[in-house]
Amino acid sequence: MENCNEKKIRLRFNDFKVPYLIDETLREGVERCPFPISNEDKCLLLKKMSQVGIREFIVGCGPESPDVWEGLFSMKEKKEIPKDVEATFIVLLNCWETAFEHFSSQKYLRKNIEETVFSFGMITYKESQNTFENAIKSFRSLGAKKFKASILNNFRGEYNDKKYKEICRQIDIAINLGVSVIRINDSVGLLQPHITHQLCSQLISDYPEIIFCLHAHNDTGLAVANAIASIQAGFQMLEGSLSGFGNRSGIAPIEQVLNSHNKCNFNCN
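Heads up, the sequence shown is in the numbering used here, so the first residue is -14 and it goes up one at a time.
This is the structure in structure tokens:
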């Protein structure tokens, strides 16, 4: 691996495609919000967003019951939303057994589980006990086939080779378990766009077969800038939420991301 300060950064600024846009507005619940949106209102909001072209939604986070996830597939069955709408459900490894219990105790259609992306967070939690591997195996037993992993990094202090190697170590663990989408999580919102360019360009060079996205928190007001910087550096997926709602300090507002898409002439499918 080249020194992270020496590797050539390759950027694109217009006339390129971003294949994946994911909304995270519907994820929030009692995990973070004292007065969360009702499931009924979340499903209505999902329907409205699907009408304007958004097709991928994060619809919950374990240990909560997957009620909005259920609602999404119910609306698809009733043809109330387009058939190509897709669901992602977040599973935190410090409580993955509870999430697994929700999905295993109900008679959910196997095809709905097969179509769902299960996104695992805190993947180094109790690493010596093979927690991540056990969680993946358990969800596979229910029919799950699509997996995403969130690489948590607080980006405090200098970005250097040591930090990059740790990110790669976690990515390698995820890839070896069959994960095909990697989410880089700026957990305290301290990432800056010039570092985003450097990090994301290097990851795309080192892992050309992997789909990457950046989960950018907005503590310093740079969530949109970092999200756009990530796709300029080659990341293929954008995450956002309506008005930047949720995730402690907010994330990239999806309407601002799409406005950048219009002004910078990149195609966000």
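From the three backbone atoms N, C-alpha and C, an ideal C-beta is built for every residue, glycine too.
Source: prediction; values computed, not measured.
For this session: Measure the Cβ-Cβ separation of glycine 45 and phenylalanine 74 and say whether it is below 7 Å.
Result: In this structure, phenylalanine 74 lies closer than 7 Å to glycine 45 by Cβ.
For this session: Answer with buried or exposed for glutamine 114, where buried requires no fewer than 16 other C-beta atoms within 10 angstroms of its C-beta.
Result: Glutamine 114 should be labelled exposed.
For this session: With a threshold of 16 other CB atoms inside 10 Å of the CB of methionine -14, please say whether the residue is buried or exposed.
Result: Unreliable positioning characterises methionine -14 in this predicted model, as indicated by a pLDDT of 44, which lies under 50. The coordinate reading is nonetheless provided below. By the neighbour-count rule (16 or more Cβ atoms within 10 Å), methionine -14 is not buried but exposed.
Problem set entry | Option in Glu112, His200, Arg40, Asn138 with minimal Cα separation from valine 166 | Comparing Cα-Cα distances from valine 166 to each of Glu112, His200, Arg40, Asn138, the minimum goes to His200.
Exercise. Quick one: is lysine -7 buried, meaning 16 or more other Cβ sit within 10 Å of its Cβ, or exposed?
Worked result: It is exposed - the Cβ of lysine -7 has fewer than 16 other Cβ atoms within 10 Å.
For this session: Check each candidate in Glu86, Cys253, Leu31, Leu207 and name the one with the smallest Cα separation from alanine 237.
Result: Comparing Cα-Cα distances from alanine 237 to each of Glu86, Cys253, Leu31, Leu207, the minimum goes to Leu207.
For this session: Could you tell me the distance, in whole angstroms, from the CA atom of isoleucine 136 to the CA atom of isoleucine 121?
Result: Rounded to whole angstroms, isoleucine 136 to isoleucine 121 spans 16 Å at the Cα level.
For this session: Enumerate in chain order the residues of its own chain whose CB-to-CB distance from aspartate 69 is below 6 Å, with the five nearest sequence positions on each side excluded.
Result: Once the five neighbours on either side are set aside, the close Cβ partners of aspartate 69 are Arg40.
Exercise. Between which two residues does the beta strand (DSSP E) carrying lysine 61 extend?
Worked result: For lysine 61, there is no enclosing beta strand (DSSP E); the residue is part of the alpha helix (DSSP H) that begins and ends at 52 to 62.
For this session: Classify glycine 229 as helix, strand or coil using the three-state DSSP reduction.
Result: Correct three-state label for glycine 229: helix.
Problem set entry | Which of helix, strand or coil DSSP assigns to glutamate -13 | The pLDDT assigned to glutamate -13 is 46, lower than 50, so where the model puts this residue is not dependable; a value taken from the coordinates is nonetheless given after this. In the displayed model, glutamate -13 falls within coil according to three-state DSSP, outside both helix and strand.
Exercise. So which of Ile98, Asn145, Asn79 has the shortest CA-CA distance to phenylalanine 124?
Worked result: The candidate whose alpha carbon is nearest that of phenylalanine 124 is Ile98.
Problem set entry | CA nearest to the CA of glutamate 82, picked from Ile66, Val3, Ser50, Pro67 | Nearest C-alpha to glutamate 82: Ser50.
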